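Inspection log for the structure reproduced underneath, given as structure tokens.
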Amino acid sequence: MTACVYRARLTSALTLWACTGGGTPSIETPLGDTTATPSPAKVQASCDAIQDIESYRYSIVLRLETPVFEQPVEDTPAPLSEFAEALTELFRDMELEGAFVAPDRSQALLRFQGEELELRTIGDSSWIRVGATWQEQPSTASEEALLTPASVCADLVEDLAPSLAAASGEEELVNGLETVHYRLDEADLRGLPGLLGRSGEEGLPSEFGVDIWLERDDGWPVRLEITASDTDDEGNPISLELSMEFSDINDPTIEINPPPVSPGQA
Numbered sequence: 001m002t003a004c005v006y007r008a009r010l011t012s013a014l015t016l017w018a019c020t021g022g023g024t025p026s027i028e029t030p031l032g033d034t035t036a037t038p039s040p041a042k043v044q045a046s047c048d049a050i051q052d053i054e055s056y057r058y059s060i061v062l063r064l065e066t067p068v069f070e071q072p073v074e075d076t077p078a079p080l081s082e083f084a085e086a087l088t089e090l091f092r093d094m095e096l097e098g099a100f101v102a103p104d105r106s107q108a109l110l111r112f113q114g115e116e117l118e119l120r121t122i123g124d125s126s127w128i129r130v131g132a133t134w135q136e137q138p139s140t141a142s143e144e145a146l147l148t149p150a151s152v153c154a155d156l157v158e159d160l161a162p163s164l165a166a167a168s169g170e171e172e173l174v175n176g177l178e179t180v181h182y183r184l185d186e187a188d189l190r191g192l193p194g195l196l197g198r199s200g201e202e203g204l205p206s207e208f209g210v211d212i213w214l215e216r217d218d219g220w221p222v223r224l225e226i227t228a229s230d231t232d233d234e235g236n237p238i239s240l241e242l243s244m245e246f247s248d249i250n251d252p253t254i255e256i257n258p259p260p261v262s263p264g265q266a
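Using full-length UniProt numbering, you'd call the opening residue of the sequence shown number 1 and step up by one each time.
This is the structure we're talking about:
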């Protein structure tokens with residue numbers, strides 16, 4: 001399994017949600033009403049500001065429920081079927097905990113179906129652990145292949161931010177950071193179907209919630225929570241939950257070191 005799986009999962013999960021159908025009808029604006037109304041001030045999220053943080057920890061949780069993942073039960077599953085089942089669980093239920101220390105040390109621990117997969121990168125060196133065994137692997141040379149706070153920010157938060165009304169934010173303290181908490185309502189979420197890969201005709205999910213906590217001064221997402229649920233064309237329930245959170249910002253005690261050499265690797 002390559003590191004690219006992490007980043008691909010976010011896009012794939014949103015695409016699978018979109019393909020299952022459902023959604024309330026979109027709301028059309030009457031053409032006859034041409035009265036101009038002042039546009040409220042909008043919010044700009046800054047993903048670049050994440051690069052200025054010296055060290056941090058983070059968590060990302062992604063859960064997806066859709067009939068696409070339902071597999072028929074076999075009396076004696078083939079090895080390939082067992083692999084497919086494990087991969088399915090990875091796509092539908094993932095918890096990722098990670099850390100970063102500038103300039104080039106990162107750690108990501110992926111949990112799914114009772115299994116763990118850990119990746120550490122220090123400069124041009126990279127190691128992967130499956131179970132208890134560490135192996136050195138060619139460096140991917142780019143965090144863009146990973147599902148990281150920076151990639152979630154670039155893929156989702158920057159697109160959602162223009163829908164936020166600056167006046168609607170409420171100041172809140174999150175993990176010791178001063179943030180502004182924005183909640184998106186139905187009017188703000190007109191762009192959500194597009195982010196989920198759905199057409200305007202399909203409209204919004206029947207139930208949804210989007211909350212974003214942006215750092216007060218620099219505008220990077222300290223916390224993100226997205227939930228959506230609906231039914232597909234056959235009445236089967238579908239749901240999506242995505243959350244991300246930063247913690248321990250600029251904590252000098254965070255350390256990321258090379259892993260111990262596994263037996264047989266010395």
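No residue lacks a Cβ here, since even glycine has one placed at the ideal position from N, Cα and C. The structure presented is a predicted model; accordingly, all values stated were derived computationally and were not measured.
Under the three-state DSSP convention, the category residue i falls into
i: V152; result: helix
i: L164; result: coil
i: A108; result: strand
i: E158; result: helix
i: I50; result: helix
i: Q137; result: strand
i: V43; result: coil
i: D230; result: strand
i: T66; result: coil
i: R216; result: coil
i: G169; result: coil
i: S125; result: strand
Own chain residues within Cβ distance below 6 angstroms of residue i, not counting five before or after
i: residue 268; result: Coverage of the chain is limited to positions 1 through 266, which leaves residue 268 absent and any answer about it impossible.
i: V101; result: S55, I254, I256
i: L164; result: V43, Y182
i: E241; result: R63, T227
Closer than 6 angstroms: residue i CB and nearest the ligand FMN heavy atom
i: V152; result: The ligand FMN is absent from the structure shown, which contains no ligands of any kind.
Residues of its chain near residue i, where Cβ-Cβ distance is below 8 angstroms and the 5 sequence neighbours each way are ignored
i: L173; result: T179
i: residue 267; result: Only positions 1 to 266 of the chain appear in this structure, which leaves residue 267 out of reach.
i: D104; result: T121, I122, G123
i: I249; result: I53, S55, Y56, N175, G176, L177
Residue burial classification, residue i (beta-carbon count within 10 angstroms, cutoff 16)
i: T148; result: buried
i: Q107; result: buried
i: E215; result: buried
i: D230; result: buried
i: V130; result: exposed
i: A132; result: exposed
i: I50; result: buried
Beta-carbon contacts of residue i that lie in its chain and below 7 angstroms, excluding the five residues immediately before and after
i: V73; result: Per-residue confidence for V73 stands at a pLDDT of 47, beneath the threshold of 50, marking its modelled position as unreliable; no derived number is given.
Reference residue i, options the options, closest by Cα
i: L156; options: F112, S239, W220, P237; result: W220
i: I238; options: I50, V43, R63, A45; result: R63
i: L184; options: E225, P259, D232; result: E225
i: R223; options: P258, H181, D251; result: H181
i: E234; options: T66, I212, G176; result: T66
i: D251; options: E241, A45, I53, Q113; result: I53
i: S151; options: E115, D232, P260, S46; result: S46
i: P260; options: D93, D48, R57, Q135; result: Q135
i: D211; options: N236, E170, D232; result: E170
Can you list, in chain order, the stretches of the beta strand (DSSP E) that have 3 or more residues and sit fully within the stretch 232-256? 237-247
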